[in-house]
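Peer 1:
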């Protein structure tokens, strides 16, 4: 029999011929999918936007930065991207995940076998991102059980908002604990230095008092008095810089740029002080003062005692202020973030999208039905026009269990 190629009209004829089958398949599939979409789990999500505080959240050494020269670099990267990365890191930490699992009993909710699986599931539902304004966005989603209607999903919707509120509160709690530990270390260091300075100050006062009572007050030229003031100021700066350097070494590596810069400043100040004491000439401008070596021995002793007293007084004033700030910082609970947009209880579900789901399934049902009827018609036509080819197709189909299992014929 002569073979005949399929034309567009043939395809159209076949589709019209099988229209009832196609329509029935379309209706059955869409009704089933629509019914399933009513009982399938519903997913809700909500989000909150948080931003870094405008002030007061710089950390345990922020107070030092306001009073110590060059201390604005003490924290290395308190603000900007570094602090944002810290916030994101805490939000993604295992600590927060495990605390949330315990708080909301997520092992049972997710049907997990252990904490590890529950943490993994929780992280799949929690999303941390940055918006266009470089603010941190915390988003969480949750699904209901099967066979729940819209008015029965209140617990899941509230759960989404509660989780985000808890995660943000944990973020601030962890930050406060960390700041408290760091502030405690800072306070202990300042306190020890403060107590040492009080002893040094008392010793300097007693030494000057004993000297004055024994020898009487020595009258010094105005230039020598000015030299005393300059030297005392330099030694005060050196002492303060040494305190700053010790504070830096508590938190930074010796190779850090802030540590090296502070060490360089101390060396420069010591050099200027040495020039003043020796009367060395140079570009420092300190040669306008008479050298200390030019003063009588008795006057030199008085100079040293008075200078030491002034230095200890300057250090005492500095440490007193820092000690009070350290005590305040230790008891201060400063949130690391401020909630710009709080997480609201979601009203509309994220999924399922019933209209799209039904539409897609209906189109797919029509497409698959059309392919099916075209294949059936093609095989029927082939059976009439090319029986050998038809038998080969049937044999191949049987071989892969499309129609039914059948052993190949023996050779």
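Residue numbers (this note's numbering): 8 to 418. Just so you know, even glycine gets a beta-carbon here, dropped at the ideal spot from N, CA and C.
1) Who does residue 57 pair with in a DSSP beta bridge?
2) Among 59, 124, 102, whose alpha-carbon lies nearest the alpha-carbon of residue 92?
3) Give the DSSP-derived three-state secondary structure of residue 264 in the structure shown.
4) Buried or exposed: which applies to residue 213, given that a residue is buried once 16 or more other Cβ atoms fall within 10 Å of its Cβ?
5) Among 196, 310, 136, whose alpha-carbon lies nearest the alpha-carbon of residue 99?
6) What is the rounded straight-line gap between the Cα of residue 50 and the Cα of residue 151?
7) Please classify residue 70 as buried or exposed, where buried requires at least 16 neighbouring CB atoms within 10 angstroms.
8) Would residue 364 and residue 40 be called neighbours here (beta carbons separated by less than 8 Å)?
9) Given 8 Å as the limit, is there contact between the region 29-40 and the region 318-332, that is, 3 or more CB pairs closer than that?
10) By Cβ distance, which residues of its chain are closer than 7 Å to residue 357, with the 5 residues on each side in sequence left out?
11) Taking 8 Å as the cut-off, does the region 118-132 touch the region 195-208 (at least 3 CB pairs, one atom from each stretch)?
12) Grouping DSSP H, G and I as helix and E and B as strand, with all else coil, what is residue 351?
13) Hey, would you say the C-beta of residue 202 is under 7 Å away from at least one heavy atom of the ligand MG?
14) Would you mind reading off the limits of the alpha helix (DSSP H) that contains residue 366?
15) Taking the C-alpha atoms as reference points, what is the distance between residue 139 and residue 38?
16) Can at least three beta-carbon pairs, one atom from the region 104-121 and one from the region 361-378, be found at a separation below 8 Å?
Peer 2: Let me spell this out:
1) As a working mapping, residue 57 is identified with position 50 in the chain shown. Residue 57 is bridged to 143, 346.
2) Here residue 92 refers to the residue found at position 85 of the chain shown. For residue 92, the nearest C-alpha among the options comes from 59.
3) As a first step, residue 264 must be located in the chain shown, where it is residue number 257. Residue state, collapsed to three classes: helix.
4) Position 206 of the chain shown, counting from 1, holds the residue named residue 213. Flag for residue 213 reads exposed.
5) Residue 99 sits at position 92 when you count from the first residue of the chain shown. For the options 196, 310, 136, the alpha carbon positioned closest to that of residue 99 is the one of 136.
6) Here residue 50 refers to the residue found at position 43 of the chain shown. Here residue 151 refers to the residue found at position 144 of the chain shown. Spanning the two alpha carbons is a distance of roughly 7 Å.
7) Translated into positions along the chain shown, residue 70 becomes position 63. Unreliable placement is indicated for residue 70, whose pLDDT of 37 sits below 50; no coordinate value is reported for it.
8) Counted from its first residue, the chain shown places residue 364 at position 357. Counted from its first residue, the chain shown places residue 40 at position 33. For residue 364 and residue 40, yes; Cβs fall inside 8 Å.
9) no
10) Position 350 of the chain shown, counting from 1, holds the residue named residue 357. Around residue 357: 50, 51, 52, 148.
11) Taking 8 Å as the limit for Cβ pairs, the verdict is that the region 118-132 does not touch the region 195-208.
12) Residue mapping note: residue 351 aligns to position 344 of the chain shown, counting from 1. Residue state, collapsed to three classes: coil.
13) In the structure shown, the ligand MG is absent, as is every other ligand, since no ligand is present at all.
14) For the purposes of this step, residue 366 is taken as the residue at position 359 of the chain shown. First-last of the alpha helix (DSSP H) with residue 366: 361-392.
15) Walking along the chain shown from the start, residue 139 turns up at place 132. Walking along the chain shown from the start, residue 38 turns up at place 31. Near 42 Å, if we compare the C-alpha coordinates of residue 38 and residue 139.
16) no
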